[in-house]
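To keep things clear, I will list the structure first and then write my remarks on it.
Numbering (this note's numbering), first residue to last: 24 to 416.
As C-alpha cells, this is what we get:
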C-alpha cells in the first residue's frame, strides 16, 4: 500500500518495495531533482527499538563519508515516520554468494575483502564500531563497489579519538530526524530481553562502558560475545566478523553455522581448536566461561599439550577451505584469532601480503560484470526449476 506523504512523492518517484516488515519498509525510488536511484527506508517513529536503530544508523552514516560505506542522502521525521534516504545498490554479498557456482574468483574475493576492510578502517577511525558485519549487510553498487550498510547496531567507541561529536559545524540531514523523533522514540521504547544493542550502557557512564553481547548475527559473532562479554573491543568484534565473511567468500558457505550459541562455540572449537586459558589468555574471566564443557576436538587439544594453538587453527582452516591459497589462509587465521588483542586492526589487515600477492584484486567494473553474470545465470536457473516444478505438479 502506498501511504507516502505528499512531500515524499514530490521529491521521489516511487518504483517498488524492496522489503517490508512490522516496523516499516524499504522502497526503491528515483530522486526527481537529480535522477539518482535511491532506497527510502521508512520506519514508524513509535516503533521503539526499530526507531532507535534508525536513529543510530542516521548518526553513524552522517559521521562517515567513505566510498565503501553506503551514503546517507537525506533523513527526515515527517508525520508518524522516520525516513532515511540512501543510495540504491544492485544487490548484496549474500545474494551474490548464493548465485555463485563453483568458486568465487580469487581476484573478486580479494577486491571485496579489501573494500570491506577499508570500510571498517574508516568506521574505526571515526570512533564507530559496526557490530553486525555479515554478507547481507555488505551491499554491492551498480558500479561493482562494495558498501558497508545497516548501522542499526553501531555504537560510538567511548572516548575514542574521532568519535562523532555532533558539533554545529557537523550537523547534517540526520539532525532533523534526531530532533523531531528521538524523544518520541525513546518514550515509546520499552526494555525487552531481546532489545539487543539498546541494552548498552551510555558511553558517558562512569568507568568503561558496558555493551550488549547480543549483537552481530550468530554465525559472524566473535567468541567473546558468545561467552557473554559486556566490555569488549568493538573493532576486534568487527574484524572477527570480517574474517567469518572472508571464509564464506572462500568457501561459498558459512564457516560455522551454529544453531545456538553453544552450538556455535562447539563448531568453532572443532575447526580452530579448543578454547582454553592457554589458547586464549583471560577467557576464564568472561561471564559465561565454565558454564558448558566441550569435548576436545579431533586431533587433540592444543590448549593442554605442546601443540601451537595458532598452527592448529590454521590447519583446521586449511582442511575446511582446501581451495584457498596459503596467503589467504594466513590472513584468515589472523582475523579469526580467539584472542581479541591477537587480531589485526582493519588497517593492519589491509597491509597483509595477501593483497600484494598475485592475482591482483579485480577492478570494480570486473566485479560488477561478474555479479551481473552470476545473478542472471542464477535467475535463469531458478525460473527453469520453477517451470519444471509446475510441470511436475
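All C-beta atoms in this analysis are idealised placements derived from N, C-alpha and C, irrespective of residue type, glycine included.
Cα-Cα separation, residue i to residue j
{"i": "residue 247", "j": "residue 255", "result": "8 Å"}
{"i": "residue 41", "j": "residue 334", "result": "45 Å"}
{"i": "residue 154", "j": "residue 413", "result": "42 Å"}
{"i": "residue 340", "j": "residue 257", "result": "24 Å"}
{"i": "residue 175", "j": "residue 62", "result": "16 Å"}
{"i": "residue 297", "j": "residue 379", "result": "32 Å"}
{"i": "residue 43", "j": "residue 54", "result": "21 Å"}
{"i": "residue 165", "j": "residue 410", "result": "29 Å"}
{"i": "residue 159", "j": "residue 305", "result": "32 Å"}
{"i": "residue 314", "j": "residue 292", "result": "16 Å"}
{"i": "residue 82", "j": "residue 289", "result": "37 Å"}
{"i": "residue 67", "j": "residue 50", "result": "14 Å"}
{"i": "residue 282", "j": "residue 120", "result": "21 Å"}
{"i": "residue 31", "j": "residue 381", "result": "48 Å"}
{"i": "residue 312", "j": "residue 77", "result": "34 Å"}
{"i": "residue 128", "j": "residue 33", "result": "44 Å"}
{"i": "residue 100", "j": "residue 106", "result": "6 Å"}
{"i": "residue 35", "j": "residue 396", "result": "30 Å"}
{"i": "residue 462", "j": "residue 307", "result": "In this structure the chain extends from 24 to 416, so residue 462 is not present and cannot be described."}
{"i": "residue 349", "j": "residue 362", "result": "22 Å"}
{"i": "residue 52", "j": "residue 162", "result": "17 Å"}
{"i": "residue 59", "j": "residue 150", "result": "30 Å"}
{"i": "residue 28", "j": "residue 284", "result": "43 Å"}
{"i": "residue 402", "j": "residue 117", "result": "15 Å"}
For residue i, the three-state DSSP class (helix, strand or coil)
{"i": "residue 400", "result": "helix"}
{"i": "residue 178", "result": "strand"}
{"i": "residue 121", "result": "helix"}
{"i": "residue 60", "result": "strand"}
{"i": "residue 170", "result": "strand"}
{"i": "residue 334", "result": "helix"}
{"i": "residue 282", "result": "coil"}
{"i": "residue 146", "result": "helix"}
Which listed residue (the options) has its alpha carbon closest to that of residue i
{"i": "residue 367", "options": "379, 378, 354", "result": "354"}
{"i": "residue 74", "options": "95, 103, 135, 271", "result": "103"}
{"i": "residue 263", "options": "178, 360, 33", "result": "360"}
{"i": "residue 115", "options": "135, 101, 304, 88", "result": "135"}
{"i": "residue 400", "options": "36, 146, 52, 124", "result": "124"}
{"i": "residue 146", "options": "157, 161, 179", "result": "179"}
{"i": "residue 337", "options": "316, 295, 313", "result": "295"}
{"i": "residue 316", "options": "304, 299, 332, 303", "result": "299"}
{"i": "residue 87", "options": "109, 113, 122, 100", "result": "109"}
{"i": "residue 144", "options": "89, 395, 241, 38", "result": "89"}
{"i": "residue 302", "options": "332, 56, 383", "result": "332"}
{"i": "residue 318", "options": "348, 349, 342, 286", "result": "286"}
{"i": "residue 79", "options": "101, 152, 375", "result": "152"}
{"i": "residue 167", "options": "375, 349, 39, 113", "result": "113"}
Own chain residues within Cβ distance below 7 Å of residue i, not counting five before or after
{"i": "residue 309", "result": "247, 250, 251, 252"}
{"i": "residue 11", "result": "This structure cannot speak to residue 11, because the chain is shown only from 24 to 416."}
{"i": "residue 270", "result": "278, 344, 355"}
{"i": "residue 351", "result": "273, 377"}
Per DSSP, cross-strand counterpart(s) of residue i
{"i": "residue 48", "result": "43, 65"}
{"i": "residue 109", "result": "62, 95"}
{"i": "residue 54", "result": "35"}
{"i": "residue 394", "result": "Note: residue 394 sits in no beta bridge, so no partner."}
Sequence-distant residues of the same chain with beta carbon closer than 6 Å to residue i, five excluded per side
{"i": "residue 142", "result": "91, 92, 171"}
{"i": "residue 131", "result": "385, 390, 393"}
{"i": "residue 274", "result": "344"}
{"i": "residue 138", "result": "91, 169"}
{"i": "residue 245", "result": "260, 263"}
Cβ shell of residue i (< 8 Å), same chain only, five flanking positions each side left out
{"i": "residue 126", "result": "275, 346"}
{"i": "residue 365", "result": "357"}
{"i": "residue 280", "result": "242, 290"}
Test: residue i CB closer than 8 Å to a CB of chain C
{"i": "residue 138", "result": "Protein chains in the displayed structure number just one, and chain C is not present."}
Residue i: CB within 7 Å of a non-hydrogen atom of the ligand ADP
{"i": "residue 253", "result": "Among the ligands in the structure shown, none appear at all, so the ligand ADP cannot be discussed."}
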